[in-house]
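Chains as they are written, first to last, in the working numbering: chain G, 77 to 508; chain B, 4 to 370. Beta carbons are placed, not taken as given, at the ideal position from N, Cα and C, and that holds for glycine. These numbers were taken from a predicted model, which means no experiment stands behind them. For reference, the structure is listed below as structure tokens.
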């Protein structure tokens, strides 16, 4: 079978509750073969044998220690998942995301940043795993937890930090803020504060890509769109509307669910009738995949396949990444409802530590090289803060700018120029 | 030219006025007649053929030929890629339209009626209207949201609301309300070419009405400016502003008023946002009296904004209190007689104009 999603590659075995064995590996993939009309594989990861879920922690899914190492040992093939360059690139991106967000927290408590700030600590593997596989023209649509998505896509740390400080040198000249990171150059489409709002937008961007190829005849247009959103969004109507339309029109999009189990203080298990989100993909006619979102290499493997599918025109994919945010929902969230044991469980599966271990144990990089990267990132982040600090605030005249692309409102004439600039333009009304 | 004809007629006897009524609405052979439906259809057709990035999306726009037959024939001409029938997912497809517009396509999103746009209002306001500002000019959204707005005939409360005031209060949107076929053609073409989000409020009861159109209007590059009102009837004594279907009522009221010697100036607003305050104020400075007419709910309506604008800018010129006529402050009833009195009628406009000119005892216009 052409698709790399072959069952043989990964084994999916049902887990007993709270198991401690380390033999089988955990990134079970649930998928539907793209060619079949009726979808949904029955080979599912069984989280528990009963339908009852422990409210405070997920049980029986994955172990505390990184499974990449175990997987490596259990597979007979000696091939590595990444090359040295790729490994270092991934490591640098993970560390950039983490260092940047930590610096945001510091700056917030010092009063340099204000409003709503939602940090991404702990979820870096999802952003790095997916976005580092994209080209510049591919688009990323995110939610309010968008700093790291913008950074992974290539928006300079300086621009993001200035935007957070509300300075005119920010990527949106200080007019967007933490929750609205837009970059035309890097095709980052926000930044949407309303959950679920970005999903139709992402579907529209994918629609444009297909339209350009089929109607406007730009034959090589194979741009893919990634839509990132959380577990809470998966109960929202817009999510289902877009799953339907994306599968109906076979749009080049990947729906990436960052399931961190919590929507502010509402546990996913309390809010959702069927918490296994990946199952909702096959209901609409697309593959649904569940992957360990704390492991950047596993995410990357799944991402390669999903993005490849979209690029080849085979349609959308729904990927559920099991991940966790180490901090509260936002910097204003006291984070009292989450069980410390759950937090500790996931803290032990920190994606950065996991990748570091993998790189060192497979001799892809030395401690010194990784330390150099960390130091470099520290400098980048400090430089970003300095730059943002020294940047000017927006001028008062900026207040009324950019409400419209065509402010006079007279529209565009047949010659393509604004009519209000045409000196011969008069009342313009035809006389009957 | 019409004004000149009318002044000549003033001195003549009553029965002679009748031909003037028909002259207003249709010439015998001088100009072509076109329904608003055909005007919209031809505008869409021409814009879609001129620019391959324009596409139409909505419920029943394709195979059904349009819920109100506005997009008749377009599916056969342009294919299902460009005339997209959607599932019943207003929020979803409005958002898809905005996402496509971010990337340079020019979607025309049709809502079967604007009442259904409330399901998608998050995308109209939050992603379309505000994006150019939030991204500091990086993401402009050249999208048109169009569909019938306001009361129809006996469709009940949930299908009869007028959304002009709601959308026009939001910065970042342009809101257009055509009346005649000329308006429909010119404004829709301007809206499709415009790089900003436009809410295009049509009216179902106007779709079948015919208006005369000149050759200039039929030209494929005909466009009307967004943000300029049209003075449908020049007058001296009182200014009546109206938009969409109410323009027809205002014109009829003006004819009736003329018999009583009141020469009303009727302004067809055409554009609610940006509102053509200069034309309105110039007119009030000439006539010194103002009546605003709209179909929607009275509180926080379009008339409220116009009255405030005139009081702020032309207070010294007013000879009478400004008055706004709006729909009744109730959800639209179903019974035909109640529905009739829940929307402004020609008599209401006539009475209000007479009040403004101190020609009648100022009783509240009872139902």
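CB contact below 8 Å: residue 44/B versus chain G: For the purposes of this step, residue 44/B is taken as residue 41 along the second chain, with counting starting at 1. Judged by the 8 Å Cβ criterion, residue 44/B is not in contact with chain G.
Residues bridged to residue 265/G (per DSSP): Residue mapping note: residue 265/G aligns to position 189 of the first chain, counting from 1. For residue 265/G, which the question treats as bridged, DSSP gives the partners 258/G.
Residue(s) in a DSSP beta bridge with residue 340/G: Here residue 340/G corresponds to residue number 264 of the first chain, with the count starting at 1. According to DSSP, which records beta bridges pairwise, residue 340/G is partnered with nothing at all.
Cβ neighbour criterion (16 or more within 10 Å) applied to residue 113/G: Walking along the first chain from the start, residue 113/G turns up at place 37. Because residue 113/G sits at a pLDDT of 32, beneath the cut-off of 50, its placement in the model cannot be relied upon, and the following sentence gives the value as read from the coordinates. Under this definition residue 113/G is an exposed residue.
Three-state secondary structure assigned by DSSP to residue 340/B: Mapped onto the second chain, residue 340/B falls at position 337. Residue state, collapsed to three classes: helix.
Beta-carbon neighbours of residue 473/G, restricted to chain B and to distances below 9 Å: In the first chain, the residue the question calls residue 473/G occupies position 397. Ordered by position in chain B, no residue passes the 9 Å Cβ test against residue 473/G, which lies about 13 Å from the chain.
Contact with chain B by residue 449/G, beta-carbon distance below 8 Å: Counting from one through the first chain, the residue named residue 449/G turns up at place 373. Closer than 8 Å: no.
Beta-carbon gap between residue 137/B and residue 248/G smaller than 8 Å: In the second chain, counting from the first residue as 1, residue 137/B sits at position 134. In the first chain, counting from the first residue as 1, residue 248/G sits at position 172. A contact, by the Cβ cut-off of 8 Å.
Meets three-Cβ-pair contact criterion under 8 Å: the region 74-84 of chain B and the region 256-271 of chain G: no
Under 7 Å from the C-beta of residue 136/B: neighbouring residues of chain G: The sequence position of residue 136/B within the second chain is 133, counting from 1. Those are 251, 478 and 479, listed as they occur along chain G.
Buried or exposed (CB count within 10 angstroms, at least 16 for buried), residue 318/B: Against the second chain, residue 318/B aligns to sequence position 315. The residue is exposed, with fewer than 16 neighbouring Cβ atoms inside 10 Å.
Burial state of residue 422/G (16 or more Cβ within 10 Å): If you number the first chain from 1, residue 422/G lands on position 346. Label assigned to residue 422/G: buried.
Members of the region 278-306 of chain G near chain B, C-beta cut-off 7 Å: 278, 279, 280, 281, 283, 284, 287, 290, 291 and 292
Among 115/B, 67/B and 235/B, the one whose alpha carbon lies nearest that of residue 286/B: Residue mapping note: residue 286/B aligns to position 283 of the second chain, counting from 1. Nearest option by C-alpha distance: 235/B.
Contacts of residue 268/G in chain B (Cβ-Cβ under 9 Å): Taking the first chain and counting its residues from 1, the one referred to as residue 268/G is at position 192. The answer, in chain order, is 129 and 130.
Residue 150/G (DSSP reduced to helix, strand or coil): Counting from 1 along the first chain, the entry for residue 150/G is found at position 74. Low local confidence applies: a pLDDT of 44 at residue 150/G is under 50, so the model's placement there is unreliable, and no value is given.
Residue 335/G - partner residues in DSSP beta bridges: Locating residue 335/G in the first chain gives position 259, counting from the first residue. Answer is 398/G, bridged to residue 335/G.
Which of helix, strand or coil DSSP assigns to residue 36/B: Numbered from 1 along the second chain, position 33 holds the residue referred to as residue 36/B. If DSSP states are grouped into helix, strand and coil, residue 36/B belongs with the strands.
Within chain G, partners of residue 100/B - CB distance below 8 Å: Taking the second chain and counting its residues from 1, one reaches residue 100/B at position 97. Result: 280.
Chain G contact for residue 95/B (CB, 8 Å cutoff): Mapped onto the second chain, residue 95/B falls at position 92. With 8 Å as the cut-off, residue 95/B counts as an interface residue toward chain G.
Partner residues on chain G for residue 84/B, Cβ-Cβ distance less than 8 Å: Position 81 of the second chain holds residue 84/B. Simply 287, 290 and 291.
is_contact[residue 125/B, chain G] using C-beta, thresh 8 Å: Indexing the second chain from 1 puts residue 125/B at position 122. So yes, residue 125/B belongs to the interface.
Alpha carbon of residue 187/G to alpha carbon of residue 157/B, nearest angstrom: Within the first chain, numbered from 1, the residue matching residue 187/G stands at position 111. Within the second chain, numbered from 1, the residue matching residue 157/B stands at position 154. Going from the Cα of residue 187/G to the Cα of residue 157/B covers about 58 Å.
Sequence-distant residues of its chain with Cβ nearer than 6 Å to residue 331/B (five each side left out): Against the second chain, residue 331/B aligns to sequence position 328. Contacts found: 345.
Outcome for residue 378/G when other beta-carbon atoms lying within 10 angstroms are tallied against a minimum of 16: If you number the first chain from 1, residue 378/G lands on position 302. Buried is the call here.
Residue 109/B in three-state terms, based on DSSP: Sequence index remark: in the second chain, residue 109/B carries index 106 (1-based). DSSP places residue 109/B in strand when its eight states are reduced to three.
CA nearest to the CA of residue 358/G, picked from 393/G, 382/G and 385/G: Against the first chain, residue 358/G aligns to sequence position 282. Checked all of 393/G, 382/G and 385/G; the closest Cα to residue 358/G is 393/G.
Sequence-distant residues of its chain with Cβ nearer than 7 Å to residue 336/B (five each side left out): Indexing the second chain from 1 puts residue 336/B at position 333. 342 and 345, listed in sequence order.
Chain-ordered chain G contacts of residue 47/B [CB-CB under 9 Å]: Position 44 of the second chain holds residue 47/B. Result: empty, since nearest Cβ-Cβ is about 16 Å, beyond 9 Å.
Alpha-carbon to alpha-carbon, residue 196/G and residue 252/G: The residue given as residue 252/G occupies position 176 in the first chain. The residue given as residue 196/G occupies position 120 in the first chain. Roughly 18 Å separates the two Cα atoms.
Candidates 329/G, 460/G and 203/G: closest to residue 387/G by CA position: Counted from its first residue, the first chain places residue 387/G at position 311. With distances taken between Cα atoms, residue 387/G lies closest to 329/G.
Distance, residue 186/B Cα to residue 215/B Cα: For the purposes of this step, residue 215/B is taken as the residue at position 212 of the second chain. For the purposes of this step, residue 186/B is taken as the residue at position 183 of the second chain. Near 11 Å, if we compare the C-alpha coordinates of residue 186/B and residue 215/B.
DSSP bridge partner residues for residue 365/G (one or two, in chain order): Reading the first chain from its first residue, position 289 is the one you call residue 365/G. 395/G, per the DSSP bridge assignment.
Residue 231/B vs residue 197/B beta-carbon contact at 8 Å: Within the second chain, numbered from 1, the residue matching residue 231/B stands at position 228. Within the second chain, numbered from 1, the residue matching residue 197/B stands at position 194. No, these two residues do not count as a Cβ contact at 8 Å.
Proximal residues of chain B, C-beta to C-beta of residue 438/G below 9 Å: Residue 438/G sits at position 362 when you count from the first residue of the first chain. Ordered by position in chain B, no residue passes the 9 Å Cβ test against residue 438/G, which lies about 41 Å from the chain.
Residue from 203/B, 257/B, 261/B and 140/B whose Cα sits closest to the Cα of residue 478/G: For the purposes of this step, residue 478/G is identified with residue 402 of the first chain, where counting begins at 1. The residue with the shortest Cα to Cα distance from residue 478/G is 140/B.
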